[in-house]
Amino acid sequence: LHVCKMIVNDVSAATMFDVLHDSRYRKKWDVTMQESFDIARLSANADVGYYSCDVHKAGQEYSNWKSQNSPDLKPWLYPEQNTLPMMDPAELSIQRADSLENVDESSKLDANEGEDSS
95 LHVCKMIVND
105 VSAATMFDVL
115 HDSRYRKKWD
125 VTMQESFDIA
135 RLSANADVGY
145 YSCDVHKAGQ
155 EYSNWKSQNS
165 PDLKPWLYPE
175 QNTLPMMDPA
185 ELSIQRADSL
195 ENVDESSKLD
205 ANEGEDSS
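All the letters of the sequence shown, read from the start, carry residue numbers 95 to 212 under this note's numbering.
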């Protein structure tokens, strides 16, 4: 689940959606990604995965990149393309936020620090 509000005048919402879900393209643009991997599918349109990074503006080059890199492969839009194994939801456990590890990232240097974000 991604919850985000942003104004991007030169990239369509559909392209931004694809940019965030295309793991192969993310490796190209997301220099702040620490780790990402798929775990399993829960249903045709729902999967479980792990991802950690700082999100930044990335959609400007995606359409051009995607046209050269499996342009029709979008399992986040077309569930029939998803090859992850199905997972039984009963295998999941609920964790409350207060039981999770608190990670202080305040001392980390922002990869885009000093760049103009306009």
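Glycine included, every Cβ here is placed at the ideal spot set by N, Cα and C. Keep in mind the model is a prediction, meaning the values are calculated, not measured.
Can you grab the Cα-Cα spacing for the pair residue i / residue j, in whole Å?
i       : j       : result
Asp-132 : Gln-154 : 25 angstroms
Phe-111 : Trp-170 : 9 angstroms
Ile-101 : Lys-122 : 22 angstroms
Met-180 : Ala-108 : 26 angstroms
Which residues bound the alpha helix (DSSP H) around residue i?
i       : result
Ala-107 : 107 to 115
Return yes when the Cβ of residue j is within less than 8 angstroms of the Cβ of residue i, no when it is not.
i       : j       : result
Arg-118 : Met-127 : no
Arg-135 : Leu-178 : yes
Chain C beta carbons: is any one of them nearer than 8 angstroms to that of residue i?
i       : result
Arg-120 : Protein chains in the displayed structure number just one, and chain C is not present.
In the DSSP assignment, find the unbroken beta strand (DSSP E) run with residue i in it and report its ends.
i       : result
Ser-242 : As displayed, the chain neither begins before 95 nor continues past 212, which places residue 242 out of reach and without an answer.
Ile-101 : Counting along the chain, Ile-101 falls outside any beta strand (DSSP E), and DSSP gives it neither H nor E.
Val-125 : Premise fails: Val-125 is in no beta strand (DSSP E) and is neither H nor E.
By Cβ distance below 7 angstroms, which residues in the same chain neighbour residue i in space, the five residues on each side in sequence not counted?
i       : result
Val-105 : Gly-153, Gln-154
### Message
Three Cβ pairs or more, each shorter than 8 angstroms: is that satisfied between the segment 154 to 164 and the segment 135 to 146?
### Response
no
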